[in-house]
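Colleague: Residue numbers (our numbering): 554 to 1355.
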């Protein structure tokens, strides 16, 4: 065998990792293996460097005679010309002695003293009062050999063993190398281009740099630049999965461009994975394995994706949902929230190296989870692989890469099935749909018992099987379903729209939501609403005859208000008539109600719209006082409506009643959950405080306006002008601005009571089987909290409920 061969360990091999040794290159792992290969007479084990999960580079062989010989491959006989590189003095059964290493001239030189016996453990003696760590005989000799013969420059022969293998250090850089130095700051195309330029400019780039050049030079940078300009491509780092994520406008990219961008993302994550494997992470490095080893680590990361099956099921599926109580109410163990959220949490902490996008549903009756994920395509697969046997790089054609991508998709499917079974013992089956970019689907069905008995051991074996062998494709043939399409599987009743759902709510939800049935949570007008039809008729006459339109609007408003008053008077319990512009507005409405026995009568949409039309009409004609009357009534009948608050604030600002603007904006912030509304209300607060003469609070409000919203640039310009007038050079710090705002009784979003209201509703609604409304609550939680798990869960629930 060649001296630079990396060898795959058989399944029967035993291995032991050694602790870090003086002189050991950063990011490398060394140890001993036995029961793996043939050994020479008196051979005990091989000293190796681990490369990936199941591959090693052989550096030496330990004998029971107290010697270590330099070898670069398994041997049955030691060559007569080979001398031991390391020897123990005297009998190995003695209670102590000396360690000798062979130097470049071939002479043995004493390098250490040891204490102990073969049976009782051995340790290096630094001085009489400071013995080293006690280690078993094999490990002690291996450590001495690595320290004094491999890492030490003393030996010209054995000391170059590591340099003669692919697991060797490619070199050492005098200056720190940070591969992703400019990533996240410059445009992605520029960051890649400058990285490639830096590598080309180096006389002796490190192995990881050479491999990065090999991977990234395949990216079409002009295409990436065009897509960045067109779709706003930006790079983010997701710490929970330890990987990169590309953000871009999906609506503006074609299917081919989408696959291309995910391929770029996969290339970055594969390189990041290699850096993690060599112990560098995103930190600066001075040395690395050579390019060929980096390639092996890259491929090992992809093929060992399936190793996560073992990790997921290591606790027997008895893990629990981390977000079981996002608010003040705990989810039912094994209930809808627990199973769905736990599955999402497990999936969101997977690192597949390629993007994992998925939808799922859960049927509590059958205990089945159905999950559909986007299968990887050839853009996510390396173009090249290093063949250690041929000592040459091999280019994969499109057909080979397509086969590798399909194999990787099968392994990802097994991981998702493992996540499903790990989510809860109640999950008895899992259906996995791998959706190809060409629209084709590969669907697999797993039963829990069969998966645990058959597919978990298979996953363990597949972690060491090359992707090109297509072992998973073949193994999953028996699980593949040839018919059927991916669709929601939850009971239709649980997915019912609240407008059609007359099921009673449990007591906890009745008090939380001020409602007795799910139908009372509906915020939508019935189809062909008569009031809405009449409003449309009036609107058609507004331009031609505004006076008549005004009179008709007042008549319509009076009629609708009378109907609301009638409901309130005839009800046996307190009733408030309220308009909610969306489902979340109805969920958070009880925060503004002191008596939770109060029930809500839904105001017709036409009543809110008619009053808004009257307000806008008066503003257009400069009748601001009359507009103010209508605007106040808007907030009265729509206490959670952002549009109502914006309208009233606009009218008050025209009348320069800035003290009232402040009160209304604060009220709005109590029930605002989306960034756009929060940004606008804070902007209005800032301008009002400025005009009230409280410039410090104004600066604090400007500082708290979220970035990236429509009003943000305007707020920033006004803040800069105010700072210029005050002679202030730097913006307030975020902590300082928050403290100033809180001292002024300005709600800081998200308000804890607001989030708890929505979270408690989401948990209970889901556990009680009201998935339609729960989906909207989870979406709101995601908007407020920003957790990826909530985003995926809301996306799946919204797909399930329509």
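All C-beta atoms in this analysis are idealised placements derived from N, C-alpha and C, irrespective of residue type, glycine included.
Is DSSP giving residue 1110 helix, strand or coil here?
Modeller: Of the three classes helix, strand and coil, the one that applies to residue 1110 here is helix, per DSSP.
Colleague: Mind listing, in chain order, the continuous alpha helix (DSSP H) runs of no fewer than 4 residues lying wholly within the region 629-701?
Modeller: Complete alpha helix (DSSP H) runs here, min 4: 690-698.
Colleague: Looking at residue 967: is its Cβ nearer than 8 angstroms to the Cβ of residue 928?
Modeller: Cβ atoms of residue 967 and residue 928: not closer than 8 angstroms.
Colleague: Only counting the same chain, and skipping five residues up and downstream in sequence, which positions put a Cβ closer than 7 angstroms to that of residue 605?
Modeller: 849, 850 and 853.
Colleague: Straight-line CA distance for residue 799 to residue 786?
Modeller: So the two alpha carbons sit approximately 7 angstroms from each other.
Colleague: Just how far apart, CA to CA, sit residue 1187 and residue 1172?
Modeller: Cα-Cα distance, rounded: 15 angstroms.
Colleague: Between which two residues does the beta strand (DSSP E) harbouring residue 906 extend?
Modeller: No beta strand (DSSP E) contains residue 906, which DSSP labels as neither H nor E.
Colleague: Tell me the DSSP secondary structure of residue 1264 in three-state form.
Modeller: Coil.
Colleague: May I ask you to report which of helix, strand or coil DSSP gives residue 1070?
Modeller: Three-state DSSP puts residue 1070 in a strand.
Colleague: From which residue to which residue does the alpha helix (DSSP H) around residue 891 run?
Modeller: 889-901 is the span of the alpha helix (DSSP H), which, as asked, contains residue 891.
Colleague: Assuming residue 761 and residue 847 form a contact by the criterion Cβ under 8 angstroms, report the distance between their Cβ atoms to the nearest whole angstrom.
Modeller: Yes, they are in contact, since the Cβ atoms of residue 761 and residue 847 sit about 5 angstroms apart, within 8 angstroms.
Colleague: Are the CB atoms of residue 732 and residue 748 within a distance shorter than 8 angstroms?
Modeller: Contact flag set, yes.
Colleague: Helix, strand or coil: how does DSSP classify residue 1348 here?
Modeller: Residue 1348 falls in the helix class under three-state DSSP.
Colleague: Can you tell me whether residue 719 is buried or exposed? The criterion is at least 16 other CB atoms within 10 Å of its CB, across all chains shown.
Modeller: With a pLDDT of 35 at residue 719, under the threshold of 50, the predicted position of this residue should be treated as unreliable, though the coordinate-derived value follows. Buried, since its Cβ has 16 or more Cβ neighbours within 10 Å.
Colleague: For residue 711, collect the residues of the same chain with a Cβ closer than 6 angstroms to its Cβ; drop the 5 residues on either side in sequence, then sort them by chain order.
Modeller: In this predicted model, residue 711 has a pLDDT of only 41, less than 50, meaning its place in the structure is not dependable; the value taken from the coordinates is given anyway. If we look at residue 711 and ignore the five residues flanking it on each side, its Cβ neighbours are 623, 638 and 702.
Colleague: Alpha helix (DSSP H) containing residue 945: first to last residue?
Modeller: That residue, residue 945, is in no alpha helix (DSSP H); its beta strand (DSSP E) goes 945-948.
Colleague: By the DSSP assignment, the beta strand (DSSP E) with residue 1000 in it spans what residues?
Modeller: Element bounds for residue 1000: 994-1000.
Colleague: For the beta strand (DSSP E) that contains residue 1154, what are its first and last residues?
Modeller: Residue 1154 -> beta strand (DSSP E) spans 1152-1155.
Colleague: How would you call residue 708, buried or exposed, if buried means at least 16 neighbouring beta carbons within 10 angstroms?
Modeller: Low per-residue confidence applies at residue 708: pLDDT is 49, beneath 50, and the placement is therefore not dependable enough to give any value.
Colleague: Could you check the C-alpha separation between residue 859 and residue 907 for me, to the nearest Å?
Modeller: Taking the straight line joining both Cα atoms gives about 13 angstroms.
Colleague: So the beta strand (DSSP E) residue 787 belongs to, where does it begin and stop?
Modeller: Segment 787-791, the beta strand (DSSP E) holding residue 787.
Colleague: Could you tell me which whole beta strand (DSSP E) segments of length 3 or greater appear in the region 799-858?
Modeller: Fully enclosed beta strand (DSSP E) runs of 3 or longer: 838-842.
Colleague: Kindly identify the DSSP beta-bridge partner or partners of residue 1130.
Modeller: Note: residue 1130 sits in a beta bridge opposite 1154.
Colleague: Any idea which residues DSSP pairs residue 780 with across the strands?
Modeller: DSSP lists no partner for residue 780.
Colleague: For residue 1107, count neighbouring Cβ atoms within 10 angstroms of its own Cβ and tell me buried if that reaches 16, exposed if not.
Modeller: That one is exposed.
Colleague: Is it buried or exposed, residue 862, if we count other Cβ atoms within 10 angstroms and call 16 or more buried?
Modeller: Classification for residue 862: buried.
Colleague: Between which two residues does the alpha helix (DSSP H) harbouring residue 1307 extend?
Modeller: Residues 1305-1320.
Colleague: Check whether the Cβ atoms of residue 1309 and residue 1225 sit closer than 8 angstroms, and answer yes or no.
Modeller: No, they are not a contact pair.
Colleague: Do residue 615 and residue 597 come within 8 angstroms of each other at the CB atom, strictly closer than that value?
Modeller: Their beta carbons are under 8 angstroms apart, which means residue 597 touches residue 615 by this criterion.
Colleague: Any idea if residue 1118 is buried or exposed, counting beta-carbon neighbours within 10 angstroms, 16 or more meaning buried?
Modeller: Residue 1118 is exposed by the Cβ-count criterion.
Colleague: Among 636, 1162 and 653, which has the Cα closest to the Cα of residue 642?
Modeller: The option with the nearest alpha carbon to residue 642 is 653.
Colleague: Would residue 620 and residue 633 be called neighbours here (beta carbons separated by less than 8 angstroms)?
Modeller: No, the Cβ-Cβ distance between residue 620 and residue 633 is not below 8 angstroms.
Colleague: Measuring alpha carbon to alpha carbon, tell me which residue in 1299, 1314, 657 and 600 is nearest residue 694.
Modeller: The residue with the shortest Cα to Cα distance from residue 694 is 600.
Colleague: When we look at the beta-carbon of residue 1075 and count the other beta-carbons within 10 Å, is it buried (16 or more) or exposed?
Modeller: Buried, since its Cβ has 16 or more Cβ neighbours within 10 Å.
Colleague: Out of 838, 833 and 771, which has the shortest C-alpha to C-alpha gap to residue 818?
Modeller: That would be 771, whose Cα lies nearest to the Cα of residue 818.
Colleague: Could you give the residue range of the beta strand (DSSP E) that holds residue 735?
Modeller: That residue, residue 735, is in no beta strand (DSSP E); it is neither H nor E in DSSP.
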